[in-house]
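Chemist:
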Amino acid sequence: AEGRNVEQRIIMPKEYIKSTEFADVINKDAKDQIIRDQDAYLFWQGINDNVGYISAVISALLLFVPALIYLRFGRSPKTDYYADYESSLPTKHSPVFVNSLVYKDAGKTTVEGFNATLLDLIDRGYIKTIASTEEDTIIKPTSKDNGDLKQYERDIMDYVNSFADRDSCISFSDMSSNSSKFKQFMNAWQIDVNREVSPLDVRRFFDNRGDTYLTYSIFALVVYAVLSILVLRYFFADGKSSLVGIVMAVVLIIEQVILFVSPLNTMGHWTSDGKVFHDKWKNFERYIRDYSLIKERPPASVQVWGRYLVYATALGCADEVNRNMKKYFREANIGSDGLSQSSAVFFSNLYGLNHMHTAFVGPFHVGSDANFGDMGSYGDIGGPGSGGFGGGGGGVF
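Here our numbering = 1-based position in the sequence shown + 33.
Right, dumping it as structure tokens:
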């Protein structure tokens, strides 16, 4: 190229040179040095030409790191439990506990957990339905003593009571008009839910070490890929294979981005106890969603239907179960007097579930996917709570 100095070294017999009149002659045997320099040049040129291939191979191998993490940490153990379905509540854990462990990501409470707890309070007689029409549903706290409630349950009582009018009546329409207040409440409510569903409880059922290692590997692999691109681009730009290495590094980055935005618990696994717990509740969900199974082994009473509705809400299938319930009641000729035997059934059989969904799930657009952290504050939330498991119940009541 113009303006570029070039040095040429040639090894040939001296006899080929007829005259050195215009040459600068150095009386030194440089043959060995020239050969060494040429060998060094070829060595580094080989690296320059092949470093991209080497980088591409390393990137290709690193693509399998997530698979190795999954094979080591992502597979749940086999258990002796096997059943086609569960026709009664499998365990006595609270609705919010079931929501946090079974629905969506393990250890994350969704808005369905809030709705299930509210419906549970209605079913247990702490709140009653005053009226329910297509336009609105009105509820009201009863005189039942709240002393036995867990802190996270009292939080909900306090929240809905904050919308009460002079007659202590609470309108779902009013609650749905203040979504920002509800979002703030949910973030703070998670703190007290963590006393019911503690990290220790979650670890007893679900091992998320794989997700932790995956997070670390995503960070490390992205750093490696970016450094590879920079090195190949600026230090080996003339190499014949640099483009191949850059392309594979980009593929590695794309894989990490996909893994980063994928749902949580991808690489975690259920413990033996957790696998049985999860499978039993999923089999119960299968039962309450399948009308043919309900016809085969129907709930023993309206009160049992009420409990099933509470847990169906926690599992995110309340609407479907409510339809199955109404269909069953029609075929069994159970009238309005029979429905009043369960406060949850009475609330759900009218328009209560629809208004609950509008008031609390609606503000999050994709409420089924809305998880809540332990940020923010609301009123007295965060006061002394109590541990253990509350609510719920299995079998026939």
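Just so it is clear, CB atoms sit at the ideal spot from N, CA and C, and this is done for glycine as well.
Since we're looking at a predicted model, the values are computed, not measured.
Can you grab the Cα-Cα spacing for the pair Leu-152 / Tyr-192, in whole Å?
Modeler: Position 119 of the sequence shown, counted from the start, is the residue given in the question as residue 152. Position 159 of the sequence shown, counted from the start, is the residue given in the question as residue 192. Between Leu-152 and Tyr-192, the C-alpha separation is close to 14 Å.
Chemist: By Cβ distance below 6 Å, which residues in the same chain neighbour Leu-348 in space, the five residues on each side in sequence not counted?
Modeler: Stepping through the sequence shown from its first residue, residue 348 is reached at position 315. So the list reads Tyr-136, Glu-318, once near-sequence residues are dropped.
Chemist: Since Leu-285 and Leu-96 should fall inside the 8 Å C-beta cutoff, what is the C-beta to C-beta distance between them, to a whole number of angstroms?
Modeler: Along the sequence shown, one-based indexing puts residue 285 at 252. Along the sequence shown, one-based indexing puts residue 96 at 63. Their Cβ separation, rounded to whole angstroms, is 6 Å, which keeps Leu-285 and Leu-96 in contact under 8 Å.
Chemist: How far does the beta strand (DSSP E) with Ser-165 in it reach, from first residue to last?
Modeler: For the purposes of this step, residue 165 is identified with residue 132 of the sequence shown, where counting begins at 1. First-last of the beta strand (DSSP E) with Ser-165: 160 to 165.
Chemist: Compute the Euclidean distance between the alpha carbons of Phe-238 and Ser-231, then round it to the nearest angstrom.
Modeler: As a first step, residue 238 is located in the sequence shown; it is residue number 205 there, counting from the start. As a first step, residue 231 is located in the sequence shown; it is residue number 198 there, counting from the start. Their backbone Cα atoms lie some 11 Å apart in a straight line.
Chemist: What is the residue span of the alpha helix (DSSP H) that Pro-46 lies within?
Modeler: Reading the sequence shown from its first residue, position 13 is the one you call residue 46. It is not in any alpha helix (DSSP H) - Pro-46 carries neither H nor E in the DSSP assignment.
Chemist: Quick one: grab the DSSP three-state call for Gly-425.
Modeler: The residue labelled residue 425 in the question sits at position 392 within the sequence shown. At Gly-425 the pLDDT is 33, less than 50, meaning the model places this residue with poor confidence and gives no usable figure here.
Chemist: Assuming Ser-376 contacts Gly-146 (C-beta within less than 8 Å), just tell me the rounded distance between them.
Modeler: Your numbering for residue 376 matches position 343 in the sequence shown. Your numbering for residue 146 matches position 113 in the sequence shown. Ser-376 to Gly-146, Cβ: 19 Å. No contact.
Chemist: For the region 332 to 369, which segments carrying the alpha helix (DSSP H) assignment without a break, of at least 4 residues, lie completely within its bounds, in sequence order?
Modeler: 335 to 347, 351 to 364
Chemist: Give the straight-line distance between the Cα atoms of Phe-269 and Tyr-103, rounded to the nearest whole angstrom.
Modeler: For the purposes of this step, residue 269 is taken as residue 236 along the sequence shown, with counting starting at 1. For the purposes of this step, residue 103 is taken as residue 70 along the sequence shown, with counting starting at 1. If I take the Cα positions, the gap works out to 35 Å.
Chemist: Going along the chain, which residues of its own chain have a beta-carbon closer than 7 Å to the beta-carbon of Ile-163, five neighbours each way excluded?
Modeler: Residue mapping note: residue 163 aligns to position 130 of the sequence shown, counting from 1. Ile-171, Ile-172, Lys-173, Cys-202, listed in sequence order.
Chemist: Would you kindly work out how many angstroms separate the C-alpha atoms of Gly-420 and Arg-228, rounded to a whole number?
Modeler: Sequence index remark: in the sequence shown, residue 420 carries index 387 (1-based). Sequence index remark: in the sequence shown, residue 228 carries index 195 (1-based). Reliability of the predicted coordinates at Gly-420 is poor, the pLDDT of 32 falling under 50, and the value obtained from them is presented with this limitation in mind. Spanning the two alpha carbons is a distance of roughly 6 Å.
Chemist: Thr-299 by DSSP, collapsed to three states: which one?
Modeler: Start at 1 with the first residue of the sequence shown, and residue 299 comes out as number 266. Thr-299: coil per DSSP, three-state reduction.
Chemist: In chain order, what residues of the same chain lie with their CB nearer than 6 Å to the CB of Ser-92, ignoring the 5 residues before and after it?
Modeler: As a first step, residue 92 is located in the sequence shown; it is residue number 59 there, counting from the start. Only Met-281, Ala-282, Leu-285 meet the Cβ criterion.
Chemist: Can you tell me where the beta strand (DSSP E) with Pro-174 in it begins and where it stops?
Modeler: Sequence index remark: in the sequence shown, residue 174 carries index 141 (1-based). Where Pro-174 is concerned, the enclosing beta strand (DSSP E) stretches over 170 to 174.
Chemist: With DSSP run on the structure shown, which of helix, strand or coil describes Asp-70?
Modeler: Taking the first residue of the sequence shown as position 1, residue 70 is located at position 37. Three-state DSSP puts Asp-70 in a helix.
Chemist: Distance check for Arg-105 and Leu-383, CA to CA, integer angstroms please.
Modeler: In the sequence shown, the residue the question calls residue 383 occupies position 350. In the sequence shown, the residue the question calls residue 105 occupies position 72. Just so you know, the alpha carbons of Leu-383 and Arg-105 end up roughly 49 Å apart.
Chemist: How is Ile-59 classed by DSSP in three states: helix, strand or coil?
Modeler: Position 26 of the sequence shown, counted from the first residue, corresponds to residue 59. Correct three-state label for Ile-59: coil.
Chemist: Across which residues does DSSP place Phe-239 in a beta bridge pair?
Modeler: Within the sequence shown, residue 239 is the residue found at index 206, counting from 1. Answer is Trp-303.
Chemist: Give me the Cα-Cα distance between Lys-47 and Ser-275, rounded to the nearest whole angstrom.
Modeler: In the sequence shown, the residue the question calls residue 47 occupies position 14. In the sequence shown, the residue the question calls residue 275 occupies position 242. Approximately 41 Å between the Cα atoms of the pair.
Chemist: Count the CB pairs spanning the region 173 to 185 and the region 363 to 375 that are closer than 8 Å, and state whether there are at least three.
Modeler: no
Chemist: Taking just the CA atoms, how far does Gly-140 sit from Val-235?
Modeler: The count along the sequence shown starts at 1 and reaches residue 235 at position 202. The count along the sequence shown starts at 1 and reaches residue 140 at position 107. If you take the alpha carbons of Val-235 and Gly-140, they lie about 6 Å apart.
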